[in-house]
Amino acid sequence: MAESKVTSKVPAAENTLRILKLLASKRGPMAASSIATSLGLPRSSVYHLLGVMESNGFVLHLHEEQRYGLGISAFELSSAYSRQEPLSRLGRPLLASLVDVIGESAHLAVLHGRDVLYIVEERAKNRPSLVTDVGVRLPSHLTASGRAILAALPKSQVRALYPNAAAFTARHEVEGAIMKYSALSSHLDQVRQRGYATEHGEVTPGFGSIAAAVTDHVGWPTAAVAVTFLEDKLPADQWPALAARVQKVADELSVRIHGRPAK
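Mind the numbering: the sequence shown is residues 25 to 287 in the working numbering, read in order.
Rendered as structure tokens:
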């Protein structure tokens, strides 16, 4: 009898999670009828589940718009997710294995405004110290990590992040520095076509980096995996092979966070 009772609750629990995931994947609130249509559920069931979720703070009913959005309890779950540092915990062993194989330093970064924030660094043995230590922020358009993430964002989002020339900064004078939106847009097109991002001495002279995006279940860039090395120690013809290793780690991390590999 008890087993039957538990089993009868499974569809409701599954549909509740489906509704939450659907709302989380959208840019704005949705009408209950749209939710029902998208998920192939009876409207009566959707209204019932939304009522329960609203009473528990997981959805918010916008009465004037007659739409539903995520509530404060969903935000609290998101905050708890951040506090538990799952990306760092899941990414660190993958980066450590990558470093063991390639003998170069690797790091994991997330987008923070127009900057990238480094949350994991795995230093290779006998390799010089880097500026990309945990907690460091750098302009995303200067770094391979940032470019990998920006290339996976909608172009409108990138434009919003870089509305004018004042948004661009440089650490060093390098040939072909990206200092305006048209240059950034063109560069990101190359990243999308190539499948990985690069950086040549724009963060630290003499050092290059290769990065690939980590994506979530809707293809949104959550982070980027990157390796950094002395450019004179790695011939240009070896960069694609190294990029393939970096992409493999980024894809594995995408899967581990219940996402999907970057395309």
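Think of the CB as a built atom: it goes at the ideal place given N, C-alpha and C, for glycine as much as any other residue.
Alpha carbon of residue i to alpha carbon of residue j, nearest angstrom
| i | j | result |
| --- | --- | --- |
| Ala-260 | Ala-190 | 33 Å |
| Glu-27 | Ala-37 | Note that Glu-27 has pLDDT 39, beneath the 50 cutoff, so the model's placement of it is unreliable and no number is given. |
| Leu-86 | Thr-252 | 48 Å |
| Val-227 | His-241 | 31 Å |
| Lys-29 | Leu-41 | Summary for Lys-29: the model assigns pLDDT 40, below 50, so the residue's position carries little reliability; its value from the coordinates is reported in the next sentence. Distance between the alpha carbons of Lys-29 and Leu-41: 19 Å. |
| Ser-112 | Leu-141 | 12 Å |
| Asp-275 | Thr-239 | 8 Å |
| Glu-170 | Pro-66 | It is worth fixing the name first, because residue 170 is Gly in this sequence and not Glu. About 43 Å. |
| Arg-116 | Gly-243 | 22 Å |
| Ala-20 | Glu-89 | What the structure shows of the chain is the stretch from 25 to 287, and residue 20 is not part of that stretch, so it cannot be assessed. |
| Thr-31 | Ala-176 | The predicted model places Thr-31 with a pLDDT of 44, which falls under 50 and marks its position as unreliable; any figure quoted below should be read in that light. Each residue's alpha carbon lies about 40 Å from the other. |
| His-196 | Ser-121 | 32 Å |
| Leu-53 | Leu-63 | The sequence shown places Pro at residue 53, not Leu. Looking at the two C-alpha atoms, the distance is approximately 15 Å. |
| Val-34 | His-72 | 15 Å |
| Ala-194 | Ala-207 | 14 Å |
| Gly-137 | Ser-164 | 9 Å |
| Ser-210 | Pro-245 | 19 Å |
| Arg-216 | Ser-79 | 43 Å |
| Lys-50 | Met-77 | 17 Å |
| Phe-192 | Gln-271 | 27 Å |
| Thr-156 | Ile-202 | 20 Å |
| Val-279 | Leu-258 | 29 Å |
| Asp-256 | Gly-230 | 7 Å |
| Ser-58 | Arg-91 | 9 Å |
| Asn-39 | His-282 | 18 Å |
| Val-160 | Val-273 | 22 Å |
| Pro-178 | Pro-110 | 25 Å |
8 Å Cβ cutoff met for residue i and residue j
| i | j | result |
| --- | --- | --- |
| Asn-95 | Gly-81 | Per the sequence shown, the amino acid found at residue 95 is Gly instead of Asn. Yes; because the gap between Cβ atoms is below 8 Å, this pair is in contact. |
| Val-144 | Leu-174 | no |
| Ala-148 | Val-123 | yes |
| Ala-60 | Val-70 | yes |
| Ala-250 | His-131 | yes |
| Ala-248 | Ala-172 | yes |
| Ile-234 | Ala-184 | no |
| Ser-180 | Arg-151 | no |
| Leu-84 | Gly-93 | yes |
| Val-198 | Gly-225 | yes |
| Leu-46 | Ala-98 | no |
The ligand FAD heavy atom lying under 7 Å from the CB of residue i
| i | result |
| --- | --- |
| Glu-197 | Judged by which ligands are present, the structure shown has none, so any question about the ligand FAD falls away. |
Nearest-angstrom beta carbon gap, residue j and residue i [assumed within contact, 8 Å]
| i | j | result |
| --- | --- | --- |
| Leu-254 | Leu-114 | That belief does not hold up - the Cβ atoms of Leu-254 and Leu-114 are roughly 29 Å apart, past 8 Å. |
| Leu-162 | Asp-139 | 6 Å |
| Val-182 | Leu-212 | 7 Å |
Examine the Cβ distances between the segment 264-272 and the segment 214-228 and report whether three or more of them are shorter than 8 Å. Taking 8 Å as the limit for Cβ pairs, the verdict is that the segment 214-228 does touch the segment 264-272.
Secondary structure, alpha helix (DSSP H): runs of 4+ residues fully inside the segment 184-268: Qualifying alpha helix (DSSP H) stretches, in chain order: 205-218.
If you scan the segment 91-153 from start to end, which runs of the alpha helix (DSSP H) of 4 or more residues do you find wholly inside it? Runs of the alpha helix (DSSP H) inside the segment 91-153: 96-107 and 110-126.
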